[in-house]
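Residue numbers (full-length UniProt numbering), protein chains in the order written: chain A, 1 to 738; chain B, 1 to 180. To keep things clear, I will list the structure first and then write my remarks on it.
Okay, structure coming up:
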């Protein structure tokens, strides 16, 4: 209580500071309220709001006269202000007012039903009668009272405003006037009207929406409109307006969501595709507030119990994160900065989002393994991996951004991780630098649509091109990651792909792409909560095993949006395209260095079966050609395998097939079926075996690839050309084989 | 990445022995394998031999860090021990200093330890002896150099310095950039 309640009442005070202090509530109120406050006389406990309205309705005339009569400057100014306000309100004739109208009427009904004594009921601060009350109240209280009265008069007169053709807010007015009309009608029908039934949501007419764009709308109105719109869309058959298509409602909803939550249209469209309408608003609301701060105990240095105790002693309010984590703690509030406590500096915990625990839990690295973290900054997941491995084994922590690597180094040293090598490569170079990892974690760079709460700039800065670019990079990284895993690892062969995005293009689509391109399969992540990944989305269809991946959302799991998928590589062989032409030319015993090249063209690859790798004795060279249907100028020839000692009959055919690109394409185009037929003659098993062995051979020598690759390329180039005579021979052979 | 030359090894071991004395051999011959020191970009890294093998695959300009960084050689070939070595110094430290809770924060900000903040100090600490600084809860905070011997410390006035600050864990936040 900072002000005197009755300025006119001068109280004699004694000297000194304490006398000047405002006395407690009871003493102050006792001066006004003559009746005692007792439990018997408990009517003073009832809210005075109702009383006010009734009073004001009754004393409307009085106060109006009073208002006009006064000549105090303050009141005049307020009058003007209020008049302006009321004019604005009049124009709006807002839903609010309509509702207020209803509310007040409803309340009035309630009041009528009550049998309390209005006369005895005491208003705020107990001014017993309105005339003197106006004097006793402060100017601002008087103004508020008058506003209330004006609102009521406006509400009662709203019917008169129907014909008001104010250009500016015509659309809203029409909409709300319709509602008011409805409201009035319904009130006539039934006294005990349900407020929700009264409001029929009407779509604005096209012209008015244009005008809407010019003027800034009241956010409350938009919010209400969103809610109503969604309500209609959920019960479309019952609540729709005649003649209006669903698409119109949805387009209005999109516009409103963009305005209210400040997203760009692209993102809103994507979100509408992803979420059912009931969840959509929850998701958008969840993105407005931050997720709770979480920390991860560093079990290399302490235990969660001890850490929790130490932090509580410092004044931190925390709780274990959940059943699913043994090392997580959630911080509710803290009197000390949680990122600077001595425990933090000693490396006993790390600030990390809850969703970042999940991919490492899914990866579950074992002690003594060789693990790669391809995109590791700022080092939270890397250190979690290290603590799960108890500082045994080896971790390679890589990131493409040198600046962010500093934080990785800092965190690693602070947390006492000793088994890590930190390097600064582009992730796509990976199998060349080092391969044969037991487990790989790829937390791919993404559009960040799951962490909008942390970075609101994402709302407006992302568009189609960004998503496509991210998706492309993620696909490349994922293939490199897969190639870096050693499928024959005794304890591993696993890869976890995760992103902090909720877009299907960056998540399921990328994993599906990898499934087609490599010998990997999805396995359960081991996370028993979270939504399953999509197996189909709009026009796309994904592999059914995609439902083993997991999606996490801010509004349902209270952690950042996340996607986690765990893949197991079952063979080190890299599958090639189906339009493969077996070729034997034994002069090169090269390893293929062109792993990357084979990826792009053919969408389908003959996945090698899970048979154990055939011994290298039977390996052949296989030249792969671009399928005719691709018709591209790029020609990829891949020659694999160690020394070829296969049957001689294949040889001539092989030679015929070792053509240059265009010629091969021509042949393929001319007689695609015959070419395929020629292949089909050879047992398909053999071809796969050949690919397997060649790949197996290649894999073991992966570290020497660079050197050998160079040899082979130049060597092969010499061999690719075929003379004209041979071409004719080839044709004849093909025709013969038909 | 290259092994340390004899010169460099000598300088570094001298520095280390100030803090841990002859326990240096415990650093090299560990039960879980042999560990070694390597030099990369003027910094000394301590790693096990297994990681060494792995790290040789990484090209020199792309390698950022291996194992644990102990410190760096300055331009004038002096060895400066970094806070990142604390985990290895603390268990083998010969001379320790405990600071009172009130002085903890001050030390973590990079200030020297005053007599008023001194809790305990190991007996027989020589002047200018390397010491490891602990909090009263036995948590290592950093290391420094004793300004006075233990006997002198007893007789000093409260505002004088007893331990010169060399490195503290607060540097993980203050000097994150210089760790690499």
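Don't be surprised by glycine CBs; every beta carbon is placed ideally from N, CA and C. Only a predicted model underlies this, so the values are computations on that prediction, with no experimental measurement involved.
Closest Cα partner of residue i within the set the options
i, options, result
"residue 127 (chain B)", "B:139, B:110 and B:149", "B:149"
"residue 68 (chain B)", "A:511, A:344 and A:411", "A:411"
"residue 438 (chain A)", "A:407, A:398 and A:370", "A:370"
"residue 494 (chain A)", "A:252, A:398, A:363 and A:317", "A:363"
"residue 560 (chain A)", "A:548, A:305, A:499 and A:522", "A:499"
"residue 278 (chain A)", "A:262, A:323 and A:226", "A:226"
"residue 33 (chain B)", "B:141, B:49 and B:42", "B:49"
"residue 393 (chain A)", "A:737, A:380, A:417 and A:276", "A:417"
"residue 66 (chain B)", "A:528, A:251 and A:419", "A:419"
"residue 472 (chain A)", "A:449, A:491, A:458 and A:507", "A:507"
Within chain A, the residues that residue i reaches when beta carbons sit closer than 7 Å
i, result
"residue 17 (chain B)", "Neighbours of residue 17 (chain B) on chain A: none; closest Cβ ~21 Å, over 7 Å."
"residue 57 (chain B)", "433 and 434"
"residue 87 (chain B)", "416"
Counted within 10 angstroms of its Cβ, other Cβ atoms place residue i as buried (16 or more) or exposed
i, result
"residue 446 (chain A)", "buried"
"residue 566 (chain A)", "buried"
"residue 102 (chain A)", "At residue 102 (chain A), the pLDDT of 44 sits below 50, so the modelled position is not reliable; the number obtained from the coordinates is stated separately. Buried."
"residue 234 (chain A)", "exposed"
"residue 414 (chain A)", "buried"
"residue 77 (chain B)", "exposed"
"residue 312 (chain A)", "exposed"
"residue 470 (chain A)", "buried"
"residue 367 (chain A)", "exposed"
"residue 125 (chain B)", "buried"
"residue 26 (chain B)", "exposed"
"residue 122 (chain A)", "Confidence in residue 122 (chain A) is poor, its pLDDT being 45 and thus under 50, which makes the residue's placement too unreliable to answer from."
"residue 82 (chain B)", "buried"
"residue 675 (chain A)", "Reliability fails at residue 675 (chain A), whose pLDDT of 42 lies under 50, so the model's placement of it is uncertain and the value that follows must be treated cautiously. Per the 10 Å Cβ criterion, buried."
"residue 10 (chain B)", "exposed"
"residue 741 (chain A)", "The structure shown does not extend to residue 741 (chain A), since chain A is modelled only from 1 to 738, so the question has no answer here."
"residue 87 (chain B)", "buried"
Partner residues on chain A for residue i, Cβ-Cβ distance less than 8 Å
i, result
"residue 179 (chain B)", "406, 409, 410 and 413"
"residue 73 (chain B)", "Those do not exist, as residue 73 (chain B) stays about 18 Å from chain A at its closest Cβ, beyond 8 Å."
Contacts that residue i makes with chain B (C-beta to C-beta distance below 7 Å)
i, result
"residue 418 (chain A)", "67 and 68"
"residue 424 (chain A)", "62 and 64"
"residue 378 (chain A)", "Going along chain B, no residue has its Cβ under 7 Å from residue 378 (chain A), so there is no contact; the nearest lies around 10 Å."
"residue 394 (chain A)", "50, 51 and 54"
Anticipated Cβ contact below 8 Å, residue i with residue j, distance rounded
i, j, result
"residue 230 (chain A)", "residue 260 (chain A)", "Their Cβ separation, rounded to whole angstroms, is 12 Å, which puts residue 230 (chain A) and residue 260 (chain A) out of contact at 8 Å."
"residue 146 (chain B)", "residue 129 (chain B)", "5 Å"
"residue 328 (chain A)", "residue 354 (chain A)", "6 Å"
"residue 383 (chain A)", "residue 176 (chain B)", "That belief does not hold up - the Cβ atoms of residue 383 (chain A) and residue 176 (chain B) are roughly 15 Å apart, past 8 Å."
"residue 549 (chain A)", "residue 564 (chain A)", "6 Å"
"residue 106 (chain B)", "residue 158 (chain B)", "The pair is not a contact, with the Cβ atoms about 14 Å apart (cut-off 8 Å)."
"residue 180 (chain B)", "residue 64 (chain B)", "6 Å"
"residue 100 (chain B)", "residue 131 (chain B)", "Not quite, the Cβ-Cβ distance comes to about 16 Å (not below 8 Å), so this is no contact."
"residue 12 (chain B)", "residue 40 (chain B)", "With a Cβ gap of about 14 Å, residue 12 (chain B) and residue 40 (chain B) do not count as contacting."
"residue 421 (chain A)", "residue 24 (chain B)", "Rounded, the Cβ-Cβ distance is 24 Å, inconsistent with contact."
"residue 533 (chain A)", "residue 547 (chain A)", "6 Å"
"residue 484 (chain A)", "residue 435 (chain A)", "5 Å"
Residue range of the alpha helix (DSSP H) that includes residue i
i, result
"residue 422 (chain A)", "Not the alpha helix (DSSP H): residue 422 (chain A) falls in the beta strand (DSSP E), residues 420–423."
"residue 97 (chain B)", "That residue, residue 97 (chain B), is in no alpha helix (DSSP H); its beta strand (DSSP E) goes 96–99."
"residue 742 (chain A)", "Outside the modelled stretch of chain A, which goes from 1 to 738, sits residue 742 (chain A), for which no answer is possible."
"residue 122 (chain B)", "Note, residue 122 (chain B): premise wrong, no alpha helix (DSSP H); not H, not E."
"residue 568 (chain A)", "Run containing residue 568 (chain A): none in the alpha helix (DSSP H); it sits in the beta strand (DSSP E), 562–569."
"residue 140 (chain B)", "Here residue 140 (chain B) belongs to no alpha helix (DSSP H); instead the beta strand (DSSP E) covers 140–146."
"residue 6 (chain B)", "6–20"
"residue 557 (chain A)", "554–557"
Chain B residues whose Cβ lies nearer than 8 Å to that of residue i
i, result
"residue 365 (chain A)", "Ordered by position in chain B, no residue passes the 8 Å Cβ test against residue 365 (chain A), which lies about 15 Å from the chain."
"residue 458 (chain A)", "In chain order: nothing, as chain B lies at least about 26 Å away."
Residue i: first and last residue of the uninterrupted beta strand (DSSP E) it sits in
i, result
"residue 443 (chain A)", "439–443"
"residue 333 (chain A)", "325–334"
"residue 70 (chain B)", "68–73"
"residue 317 (chain A)", "316–322"
"residue 404 (chain A)", "Looking at the DSSP string, residue 404 (chain A) is not in any beta strand (DSSP E); the run it does join, the alpha helix (DSSP H), is 402–415."
"residue 164 (chain B)", "161–168"
"residue 265 (chain A)", "Residue 265 (chain A) -> not in any beta strand (DSSP E); alpha helix (DSSP H) instead, spanning 265–274."
Residue-level contact to chain C via CB, residue i, 9 Å cutoff
i, result
"residue 170 (chain B)", "Considering every chain present, this structure includes no chain C. Its protein chains are A and B."
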